[in-house]
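These notes are about the structure you will find just below.
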Amino acid sequence: MKPERLDREKESLSAFRKRVQPSATVDRYGLLLEDLFLIRNPRFKFVKDHTDEVKAFTADYCAGKPLEEVGEWFFFPWNKTLAHYLPHNEHQEIRTARNRNIITKEEQQKFYGLRVAYAGLSVGSHGAMTVALMGGAQSIKIADPDEVSPSNLNRMRFDFFAVGRKKTDLVRDYVYQLNPYATIEAFDAGVSAATMDAFLTDVDVLVEETDNLEIKIALRLAARKRGIPVVMATDNGDNIIVEVERFDLDKTRPLFNGVIGDVHIDMFKTFAPSDLPKLATKIAGPNFVTERMMSSLLQVGREIYSWPQLGDAATLSGVAIAYILKRLALGQVVKEEKCEVSLDALIDPEHHAPRRKDAREKARAAFFATIGL
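Residues in the sequence shown are numbered from 2 upward in steps of one, following my numbering.
Here it is in structure tokens:
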């Protein structure tokens, strides 16, 4: 499902409105043009009264047409809303004007041209939405088989109206309403062997955030074969662990940059269930896992239902994903090993105290012994 765009050569606005029968209309085109005027005429930043100049700009822009006859109209069937947008280039211009020159005009074009596949839309939703917010990745693919559960709402940026809705639908709706000129392909059943090729065709980067270890490995094998780099961010208490696998630079690179050895799908299927926590910990980054995360992992299926994830860490993951994707789009170098983004290390003044370090190492040693790592 995607927004329907008014084709003025085939239909008038009144006929379009009558056919789609919107329950709401959003038309703030005058405000859009005022903002466009200020963006193109920055000298008026410090001129309080620019009413006459805006009127002249608007009159010239409309060239005698009423406001509703310029720009583009889109109907969003999932909420039955009709909305008035600037044309594509102007829409992108106004949306990214405040990025400059942290992101230059030329860099913004490269970022917008990046084609990204997001597998897993819990943490992955933050990546997709943050990249879209920054004006990147016009063309994306999103995959997740799940619906939003109430317990997802501690880390996904949606409210209780989202419970029971498909994660792919929610991300798609957000991105389209932010940028109706986006191209989105949704894999509502997730990624499988049957859909793997379609999911990774015409993709520049894969963001992998699934929970299934077998799918994690299968996606990487397929990405490596195609020379597609893989980005992953993992929640770690209030912190995150990020990793980039540059299969675009080296198709012989071992999965997860070698932390689990040279595994393949058939080997994975023979792992005993008792070995999976050890494998998952290796993948995440055992030397970075926080004390509370380690103790919590040992209680999954006993005292807690699933591994804990926090909203600040999920949000931080989205920030890290967006930053890495921007660097990849611009051809900038990124680290190719696991690295920690730690709020604890940056903000807690006692984090690096010897006694705290000793306590962490003792907890880590006990945790490793328990899972056989």
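Think of the CB as a built atom: it goes at the ideal place given N, C-alpha and C, for glycine as much as any other residue.
### Query
Should the segment 220–233 be called in touch with the segment 160–169, which here means at least 3 C-beta pairs below 8 Å?
Remark: fewer than three beta-carbon pairs, one from each stretch, lie closer than 8 Å, so the segment 220–233 and the segment 160–169 are not flagged as touching.
### Task
Determine the direct distance from the alpha carbon of D349 to that of V334, and round the result to whole angstroms.
For the purposes of this step, residue 334 is identified with residue 333 of the sequence shown, where counting begins at 1. For the purposes of this step, residue 349 is identified with residue 348 of the sequence shown, where counting begins at 1. Taking the straight line from one Cα to the other gives about 30 Å.
### Three or more C-beta pairs below 8 Å linking the segment 307–321 and the segment 226–241
In short, these stretches touch, since the Cβ pair count reaches three.
### Query
Between G65, A25, L179 and A323, which lies nearest to V117 when the distance is taken from Cα to Cα?
Stepping through the sequence shown from its first residue, residue 117 is reached at position 116. Nearest C-alpha to V117: A323.
### Message
I'd like to know whether the C-beta atoms of A144 and G191 end up nearer to each other than 8 Å.
### Response
By 1-based counting over the sequence shown, the position of residue 144 is 143. By 1-based counting over the sequence shown, the position of residue 191 is 190. Against a cut-off of 8 Å, the Cβ pair of G191 and A144 comes out as a contact.
#### Entry: Of the residues N42, V208, R44 and P23, the one placed nearest G319, counting alpha carbons only
Residue numbering aside, residue 319 sits at position 318 when the sequence shown is read from its first letter. Nearest option by C-alpha distance: V208.
### Query
Would you say R158 and M130 are within 8 Å of each other, going by their C-beta atoms?
Taking the first residue of the sequence shown as 1, we reach residue 158 at position 157. Taking the first residue of the sequence shown as 1, we reach residue 130 at position 129. Yes, the pair counts as a contact, with Cβ atoms nearer than the cut-off.
### Message
Taking 8 Å as the limit between beta carbons, can you name the residues of its chain near K226, skipping five residues before and five after?
### Response
To locate residue 226, count along the sequence shown from 1; it is residue 225. Answer for K226: K252, listed in chain order.
### Query
What is the C-beta distance between S297 and P309, in whole angstroms, given that I count them as a contact (C-beta under 8 Å)?
Locating residue 297 in the sequence shown gives position 296, counting from the first residue. Locating residue 309 in the sequence shown gives position 308, counting from the first residue. That belief holds up - the Cβ atoms of S297 and P309 are roughly 5 Å apart, short of 8 Å.
### Task
Please work out which residues of its chain come closer than 8 Å, Cβ to Cβ, to T184, disregarding the five sequence neighbours upstream and downstream, and give them in chain order.
Start at 1 with the first residue of the sequence shown, and residue 184 comes out as number 183. Within the same chain, T184 has close Cβ partners Q139, S140 and I141.
### Query
When you compare only the Cα positions, how much space is there between L374 and S307?
On the sequence shown, residue 374 is found 373 positions in, with the first residue counted as 1. On the sequence shown, residue 307 is found 306 positions in, with the first residue counted as 1. Cα to Cα, L374 sits roughly 21 Å from S307.
### Task
Name the one or two DSSP bridge partners that W74 has.
Residue 74 sits at position 73 when you count from the first residue of the sequence shown. For W74, which the question treats as bridged, DSSP gives the partners H85.
### Message
Restricting to Cα atoms, I'd like to know which of H85, L68 and E69 is closest to F75.
### Response
Residue numbering aside, residue 75 sits at position 74 when the sequence shown is read from its first letter. Looking at the Cα atoms, H85 is the closest of the given residues.
### Task
Leaving out five residues on either side along the sequence, give the residues of the same chain with a beta carbon under 7 Å from the beta carbon of Q109.
Within the sequence shown, numbered from 1, the residue matching residue 109 stands at position 108. So the qualifying residues of the chain are T97, N100 and G136.
### Query
Per DSSP, which one or two residues make a beta bridge with D236?
What you label residue 236 is simply residue 235 of the sequence shown in a count that begins at 1. In the DSSP output, where bridge partners are listed per residue, D236 has I241.
### Query
On the three-state DSSP scale, how would you describe Y182?
As a first step, residue 182 is located in the sequence shown; it is residue number 181 there, counting from the start. When secondary structure is reduced to three states using DSSP, Y182 falls in the coil class, being assigned neither helix nor strand.
### Message
Quick check: what's the CA-CA separation for D53 versus C340?
### Response
Position 52 of the sequence shown, counting from 1, holds the residue named residue 53. Position 339 of the sequence shown, counting from 1, holds the residue named residue 340. Answer to the nearest angstrom: the Cα atoms are 54 Å apart.
### Task
Taking only runs that begin and end inside the segment 131–185, name each unbroken beta strand (DSSP E) of 3 or more residues, in chain order.
Runs of the beta strand (DSSP E) lying entirely within the segment 131–185 and spanning at least 3 residues, in chain order: 140–144.
### Message
To the nearest angstrom, how far is the alpha carbon of I242 from that of K283?
### Response
Within the sequence shown, the letter at position 241 stands for residue 242. Within the sequence shown, the letter at position 282 stands for residue 283. Rounded to the nearest angstrom, the two C-alpha atoms are 12 Å apart.
### Query
Curious, which full-length alpha helix (DSSP H) runs of at least 4 residues does the segment 182–220 contain?
Inside the segment 182–220, DSSP marks whole alpha helix (DSSP H) runs of 4 or more residues at positions 197–201, from first to last along the chain.
### Query
If you drop the 5 nearest sequence neighbours on each side, which residues of the same chain put their C-beta closer than 7 Å to that of P4?
Counting from 1 along the sequence shown, the entry for residue 4 is found at position 3. Contacts found: F75, F76, F77, Y177 and P181.
### Of the listed residues V149, A285, A16 and D239, nearest to I261 (C-alpha basis)
Reading the sequence shown from its first residue, position 260 is the one you call residue 261. That would be A285, whose Cα lies nearest to the Cα of I261.
#### Entry: Contacting residues, own chain, Cβ-Cβ under 7 Å from N153 (five flanking each side not counted)
Position 152 of the sequence shown, counting from 1, holds the residue named residue 153. Excluding residues within five positions, the ones whose Cβ falls inside 7 Å are S123.
### Query
Thinking C-alpha only, which one of E244, D239, I229 and P355 is nearest L347?
Taking the sequence shown and counting its residues from 1, one reaches residue 347 at position 346. The residue with the shortest Cα to Cα distance from L347 is D239.
### Query
How long is the line joining the alpha carbons of D436 and K66, rounded to whole angstroms?
The question about residue 436 has no answer here: the residues shown for the chain are numbered 2 through 374.
### Query
What three-state label does DSSP hand A360 in the structure shown?
By 1-based counting over the sequence shown, the position of residue 360 is 359. Residue state, collapsed to three classes: helix.
#### Entry: Cβ pair F38, F17 closer than 8 Å
The sequence position of residue 38 within the sequence shown is 37, counting from 1. The sequence position of residue 17 within the sequence shown is 16, counting from 1. Against a cut-off of 8 Å, the Cβ pair of F17 and F38 comes out as no contact.
### Task
From the DSSP output, read off the bridge partner residues of Y119.
Along the sequence shown, one-based indexing puts residue 119 at 118. Checking the DSSP bridge columns, you'll see Y119 partnered with I143 and V208.
### Message
I'd like the list of long-range same chain contacts for R357, defined as Cβ closer than 8 Å, with 5 residues on each side in sequence excluded.
### Response
One-based indexing of the sequence shown puts residue 357 at position 356. If we look at R357 and ignore the five residues flanking it on each side, its Cβ neighbours are E351.
### Query
When the Cα of L7 is compared with those of E70, L33 and N42, which residue comes out closest?
Position 6 of the sequence shown, counted from the start, is the residue given in the question as residue 7. Looking only at E70, L33 and N42, the smallest Cα-Cα distance to L7 is reached by E70.
### Task
Please classify D174: is it buried, with 16 or more other beta-carbons within 10 angstroms of its beta-carbon, or exposed?
Here residue 174 refers to the residue found at position 173 of the sequence shown. Counting Cβ neighbours within 10 Å, D174 comes out buried, since at least 16 surround it.
### Query
Quick one: Cα of E292 to Cα of A367, how far?
Stepping through the sequence shown from its first residue, residue 292 is reached at position 291. Stepping through the sequence shown from its first residue, residue 367 is reached at position 366. Spanning the two alpha carbons is a distance of roughly 11 Å.
#### Entry: Segment limits, beta strand (DSSP E) that includes A25
Taking the first residue of the sequence shown as position 1, residue 25 is located at position 24. Per DSSP, A25 is one residue of the beta strand (DSSP E) stretching across A25 to V27.
### Query
What are the uninterrupted segments assigned as beta strand (DSSP E) that are 3 or more residues long and contained completely in the segment 318–344, given in chain order?
Complete beta strand (DSSP E) runs here, min 3: 340–342.
### Query
Per DSSP, what kind of secondary structure is R6 in: helix, strand or coil?
To locate residue 6, count along the sequence shown from 1; it is residue 5. Strand at R6.
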